[in-house]
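If you use our numbering, the sequence shown corresponds to residues 15 to 233, in order.
A virtual CB, placed ideally from N, CA and C, is assigned to each residue, including glycine.
One structure below.
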Amino acid sequence: MKEYERDVTVVGGDVRFPARLKVIRLPRSWYGVVWSDDLNYASFSQDATEVNGGIAYMSDKQFLVRVQLVAAWKGGVNFEYAPEPSASDDDKRSLDGLQAVDHQIRCIVDLDMHHIAVASELYMTMCDDDPALARTWMELDADERSDWTAEDTLRRITMFSQAFRVLRSHPRYGYVATWLRGWGDEACALKQQVALQLGGDWAKVEDLLNAELDHRRVG
């Protein structure tokens, strides 16, 4: 269920007066009412036989247009929505920034999950075909991680430099190593951009990444 409340102006011929709209929206029906000092009460609704579940997929804007039309058709009330207060330039920039961060977080998780899946598959294949090389890869990986800080660990899921130099010229594994290195570098660059937008707060970056992962697990 979702509720909407809006200031409206009821219009009738030359008469205009302020009123208040309240709507309760359910998945397959809705109920609305308009009231004011000049208009005691006017109600209108649509049920499942009329909306066929379609409102479940409507945006808020589309739904409120439908409410306006049905109010005139079934409730005999013509009204206009009061204009929403315009956001300041600073508010708009802040909103744009938040939307950009959300998009970047999703891209990072996509890259990291794809990277981990392909790297795991490569390692399993390598264990069957060339166990010594697989062991070398893991040893180089562990060596490079050994002196990393927690922030370094957050920043990079990647094909590390030493391992990449060993694997990139391999006739079977080289192209996969190149993909892994590219995905890792791209994800790292995105993480740095997000951290910059968040004032260098890497803990916040980690929280956002974990929240996105939790959302996907639940979904």
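Query raised in the report: Among Ser73, Ile119, Leu40, which one has its Cα closest to the Cα of glutamine 206?
Result: Here residue 206 refers to the residue found at position 192 of the sequence shown. Ranked by Cα distance from glutamine 206, the options Ser73, Ile119, Leu40 are led by Ile119.
Query raised in the report: Rounded to whole angstroms, how far is the Cβ of aspartate 51 from the Cβ of arginine 34, which I believe are closer than 8 Å?
Result: In the sequence shown, residue 51 corresponds to position 37, counting from 1. In the sequence shown, residue 34 corresponds to position 20, counting from 1. Not quite, the Cβ-Cβ distance comes to about 10 Å (not below 8 Å), so this is no contact.
Query raised in the report: Quick one: what does DSSP say glycine 213 is sitting in, helix, strand or coil?
Result: Taking the first residue of the sequence shown as 1, we reach residue 213 at position 199. In the three-state reduction of the DSSP assignment, glycine 213 falls in the coil class, being assigned neither a helical nor a strand state.
Query raised in the report: Taking only runs of the beta strand (DSSP E) that begin and end inside the stretch 19 to 44, which ones reach a length of at least 3 residues, in chain order?
Result: Entirely contained in the stretch 19 to 44, the beta strand (DSSP E) runs reaching 3 residues are, in chain order, 29 to 40.
Query raised in the report: With 16 as the cutoff for other CB atoms within 10 Å, does histidine 129 come out buried or exposed?
Result: In the sequence shown, the residue the question calls residue 129 occupies position 115. Only buried fits histidine 129, as 16 or more other CB atoms lie within 10 angstroms of its CB.
Report task. Going by CA-CA distance only, name the one from Ser73, Val81, Lys75, Val48 that's closest to glutamine 60. Result -> In the sequence shown, the residue the question calls residue 60 occupies position 46. Closest in C-alpha terms to glutamine 60, from the list Ser73, Val81, Lys75, Val48, comes Val81.
Report task. Please list, in chain order, all residues of the same chain as alanine 56 whose beta carbon is under 8 Å from its beta carbon, the five residues on each side excluded. Result -> For the purposes of this step, residue 56 is taken as the residue at position 42 of the sequence shown. These residues qualify, in order along the chain: Val47, Val48, Trp49, Ala85, Gly89, Gly90, Val91.
**Report entry** Cα-Cα separation, aspartate 234 to glutamate 226
**Finding:** The requested residue 234 does not occur in the structure, where the chain is confined to residues 15 to 233.
Query raised in the report: Candidates Glu153, Thr150, Val115, Glu158: which alpha carbon is nearest glycine 213's?
Result: One-based indexing of the sequence shown puts residue 213 at position 199. Nearest C-alpha to glycine 213: Val115.
**Report entry** Other residues of its chain near valine 208: CB distance less than 6 Å, five sequence neighbours each side excluded
**Finding:** If you number the sequence shown from 1, residue 208 lands on position 194. Here the set comprises Val115, Gln118, Val219.
Report task. Would you mind sorting arginine 195 into buried or exposed? The rule is 16 or more other CB atoms within 10 Å of its CB. Result -> The sequence position of residue 195 within the sequence shown is 181, counting from 1. Counting Cβ neighbours within 10 Å, arginine 195 comes out buried, since at least 16 surround it.
Query raised in the report: Could you give the C-beta distance for leucine 125 and alanine 201, rounded to a whole number, given that I count them as a contact under 8 Å?
Result: Here the question's residue 125 lines up with position 111 in the sequence shown. Here the question's residue 201 lines up with position 187 in the sequence shown. Their Cβ separation, rounded to whole angstroms, is 4 Å, which keeps leucine 125 and alanine 201 in contact under 8 Å.
Requested in this report: Go to serine 175, then tell me how far its alpha helix (DSSP H) extends in each direction, as first and last residue.
Outcome: The sequence position of residue 175 within the sequence shown is 161, counting from 1. Segment 175 to 181, the alpha helix (DSSP H) holding serine 175.
Query - Cβ-Cβ separation, tyrosine 187 to methionine 138 (assumed contact under 8 Å), whole Å - result: The sequence position of residue 138 within the sequence shown is 124, counting from 1. The sequence position of residue 187 within the sequence shown is 173, counting from 1. At roughly 12 Å, the Cβ-Cβ gap does not stay under 8 Å, so methionine 138 and tyrosine 187 are not in contact.
Report task. Output yes or no for whether 9 Å exceeds the beta carbon distance between arginine 39 and glutamate 17. Result -> Start at 1 with the first residue of the sequence shown, and residue 39 comes out as number 25. Start at 1 with the first residue of the sequence shown, and residue 17 comes out as number 3. With respect to the 9 Å criterion, arginine 39 and glutamate 17 are classified as neighbours on the basis of their beta carbons.
Requested in this report: Kindly list the residues whose CB is nearer than 8 Å to the CB of glutamate 158, restricted to its own chain and excluding five residues on each side of it in sequence; keep chain order.
Outcome: Start at 1 with the first residue of the sequence shown, and residue 158 comes out as number 144. So the list reads Phe174, Ser175, Gln176, Ala177, once near-sequence residues are dropped.
Query raised in the report: Thinking C-alpha only, which one of Lys75, Glu135, Cys121 is nearest aspartate 199?
Result: Taking the first residue of the sequence shown as position 1, residue 199 is located at position 185. Checked all of Lys75, Glu135, Cys121; the closest Cα to aspartate 199 is Cys121.
Report task. For the beta strand (DSSP E) containing alanine 56, list its first residue and its last residue. Result -> Counting from one through the sequence shown, the residue named residue 56 turns up at place 42. In the DSSP assignment, alanine 56 falls within the beta strand (DSSP E) that extends over 56 to 60.
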